[in-house]
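Chemist:
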Amino acid sequence: MESVGNIIMYFIIALAIIVFSVLTVTTGKILRAATYLLFVLFATAGIYFQMGYEFLGAVQIAVYAGGILVLFVFAIFLTGKPGKASEPLESSKKKIGLSAAILGALVCGYALFSKADMCNAVVSQPIDVTINNIGSMLLSTEKFGYLLPFEAISILLLACIIGGIVIARKR
Amino acid sequence: MDLTLLMYLVPSLIMFCCGVYGFVTRKNMIAVLISLELMLNAVDINFVVFNRFLFPGEMEGMFFSLFAIAIAAAETALVIAIIINVFRMAKNIDIRELTKMKF
Chain A
-1 MESVGNIIMY FIIALAIIVF SVLTVTTGKI LRAATYLLFV LFATAGIYFQ MGYEFLGAVQ
59 IAVYAGGILV LFVFAIFLTG KPGKASEPLE SSKKKIGLSA AILGALVCGY ALFSKADMCN
119 AVVSQPIDVT INNIGSMLLS TEKFGYLLPF EAISILLLAC IIGGIVIARK R
Chain B
26 MDLTLLMYLV PSLIMFCCGV YGFVTRKNMI AVLISLELML NAVDINFVVF NRFLFPGEME
86 GMFFSLFAIA IAAAETALVI AIIINVFRMA KNIDIRELTK MKF
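Note that the protein sequences, when read in sequence, are chains A and B. The first sequence: position 169 = 167 (this note's numbering), numbered continuously. The second sequence: position 51 = 76 (this note's numbering), numbered continuously.
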């Protein structure tokens, strides 16, 4: 049995995710789409906090909501007139998009609801995810250690920094 | 009333399908990128929720999400650099009109 506060939080988060992700892809103004994306990302961070992964929620807010969204807003202002609404969609494109989305939702929804007994799992035991735990696992070379991906991702980030500078510099 | 696994998977499924819809229909390159972020985010939610509900003793899902967030950030930075460069050359980021590289 969950506490009432948890259930109310869940419904707020789920409603925010559904409403704002629909608005993100249907709104005509690109800056508004970025703002709605921000709300979706915050709601996602809410899910992470509710699950008990505080570190992941903090990373989500810092990297996604703080970093990527700012990049988006800068790019929007640099590349056009953000206040201008985009032209209405061609109906053929709209049909293709809608049918792809609805078909995907139907297939995945069928898969989810036909495996209902697995999906009825509830939170059974508290988890123990401390910063200490995360840090030692990230730098461990034992079984279930993540040293190699950790180093690989640092190389990737370095390559991205250099690539970004090379691509975007003035010639 | 209990919060089950399914109740978390349904919003993430809807988020993913919104991303697919936006990815197909949008014309602005940045809007396409925003739809892509929606899809990535839905996948991250799935990793974390499966980890929490089915394997609470382990942390694999959380680490996958952590690395996915880092890679998404790097990818977004690069793509935005490319978009700005394209805008500088073509004065336009509408994907229907950028046909120079089309085979």
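From the three backbone atoms N, C-alpha and C, an ideal C-beta is built for every residue, glycine too. Treat the numbers as computed from the prediction; the structure is a model and nothing was measured.
Could you tell me the distance, in whole angstroms, from the CA atom of phenylalanine 72(B) to the CA atom of serine 90(B)?
Modeler: Those two C-alpha atoms are separated by around 6 angstroms.
Chemist: Residues of the stretch 50 to 68 of chain B in Cβ contact with chain A at a cutoff of 9 angstroms, in chain order, please.
Modeler: Answer set for the stretch 50 to 68 of chain B: Thr50, Arg51, Lys52, Asn53, Met54, Ile55, Ala56, Leu58, Ile59, Ser60, Glu62, Leu63, Asn66, Ala67.
Chemist: In chain order, what residues of the same chain lie with their CB nearer than 6 angstroms to the CB of alanine 97(B), ignoring the 5 residues before and after it?
Modeler: Within the same chain, alanine 97(B) has close Cβ partners Leu65.
Chemist: Going by beta carbon distance, what residues of the same chain come within less than 8 angstroms of valine 57(B), once the five residues before and after it are set aside?
Modeler: Gly47, Phe48, Arg51, Ile120, listed in sequence order.
Chemist: Compare the C-beta of asparagine 71(B) against all C-beta atoms of chain A and say whether one is closer than 8 angstroms.
Modeler: So no, asparagine 71(B) is outside the interface.
Chemist: What residues in its chain sit with their C-beta under 6 angstroms from that of isoleucine 70(B), if we drop five residues either side in the sequence?
Modeler: Around isoleucine 70(B): Ser37.
Chemist: Just verifying my parser: in three-state terms, what is the DSSP assignment at asparagine 53(B)?
Modeler: Three-state DSSP puts asparagine 53(B) in a strand.
Chemist: Here's a check: name, in chain order, each residue in its chain whose Cβ is nearer than 7 angstroms to the Cβ of cysteine 43(B), leaving out the five neighbours to either side.
Modeler: The residues are Leu63.
Chemist: Using a Cβ-Cβ distance under 8 angstroms, would leucine 137(A) count as near chain B?
Modeler: Not closer than 8 angstroms to any Cβ of chain B, the Cβ of leucine 137(A) fails to qualify, so no.
Chemist: Measure from the C-beta of methionine 126(B) to each C-beta in chain A and report whether the shortest distance is under 8 angstroms.
Modeler: Not one chain A Cβ lies under 8 angstroms of methionine 126(B).
Chemist: Tell me the rounded alpha-carbon separation between isoleucine 48(A) and glycine 3(A).
Modeler: In the sequence on display, residue 48(A) carries glutamine and not isoleucine. The alpha-carbon atoms of glutamine 48(A) and glycine 3(A) are separated by roughly 11 angstroms.
Chemist: For alanine 95(B) and chain A, any beta-carbon pair shorter than 8 angstroms?
Modeler: Chain A, which has a Cβ nearer than 8 angstroms to the Cβ of alanine 95(B), makes this yes.
Chemist: In angstroms, rounded to a whole number, what distance separates the CA positions of alanine 98(A) and valine 105(A)?
Modeler: Looking at the two C-alpha atoms, the distance is approximately 11 angstroms.
Chemist: Can you tell me whether arginine 113(B) is buried or exposed? The criterion is at least 16 other CB atoms within 10 Å of its CB, across all chains shown.
Modeler: Looking at its Cβ environment, which holds fewer than 16 other Cβ atoms inside 10 Å, arginine 113(B) is exposed.
Chemist: First and last residue of the alpha helix (DSSP H) that includes arginine 113(B)?
Modeler: It spans 85 to 115 - the alpha helix (DSSP H) in which arginine 113(B) sits, taken as one unbroken run.
Chemist: In the structure shown, what three-state DSSP assignment does aspartate 115(A) receive?
Modeler: The answer is helix: DSSP assigns aspartate 115(A) an H, G or I state.
Chemist: Along the alpha helix (DSSP H) that carries threonine 33(A), what are the first and last residues, could you check?
Modeler: Segment 28 to 49, the alpha helix (DSSP H) holding threonine 33(A).
Chemist: How would you call methionine 126(B), buried or exposed, if buried means at least 16 neighbouring beta carbons within 10 angstroms?
Modeler: Methionine 126(B) comes out exposed.
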